[in-house]
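Student:
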Amino acid sequence: MDKSRYKFEEEMNTACLTCVHVMTKSKPILFVSHDDDSSWEFSCGANGHSEEEIKIISLEEATDIDGSINELASMPEGVCAERESIGAKWMKK
């Protein structure tokens, strides 16, 4: 594993949820959740995504889309983070 571009403890092929907007790179990742069940979610931050808009990708694909999510790799389960725009500081809650 190339730890210079991938900081997560989970395997690179770990499945995670994202929205079609992030997957197609039409919108940036603005919301990240590390759920209580250890799963990760990466979305554009919009509310009300339909079931068809939710996609499954690997953690490696997510870091390829936006390497800045590596800053959140050690975020504990049950915590989420948001930011206003690309390059903005992640705010955990």
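So for the sequence shown, UniProt numbering puts the first residue at 1; every next one is plus one. All residues carry an ideal CB built from backbone N, CA and C; glycine is no exception.
I'd like to confirm the pairing. Which residues does DSSP put opposite L17 in its beta bridges?
Tutor: E41, I56
Student: Can you name the start and end residues of the beta strand (DSSP E) that S71 belongs to?
Tutor: For the record, residue 71 in the displayed sequence is Glu; it is not Ser. Per DSSP, E71 belongs to no beta strand (DSSP E) and is neither H nor E.
Student: For I56, count neighbouring C-beta atoms within 10 Å of its own C-beta (all shown protein chains included) and say buried if the count is 16 or more, exposed if not.
Tutor: exposed
Student: Who does H34 pair with in a DSSP beta bridge?
Tutor: W40, V79
Student: From the DSSP output, which residues share a beta bridge with M91?
Tutor: E82
Student: Grab me the residues of E10's own chain with a C-beta within less than 7 Å of its C-beta, minus the 5 sequence neighbours each way, in chain order.
Tutor: Closer than 7 Å at Cβ, skipping near neighbours: L59.
Student: Going by C-alpha to C-alpha distance, which of T14, D66, K27 sits closest to S38?
Tutor: T14
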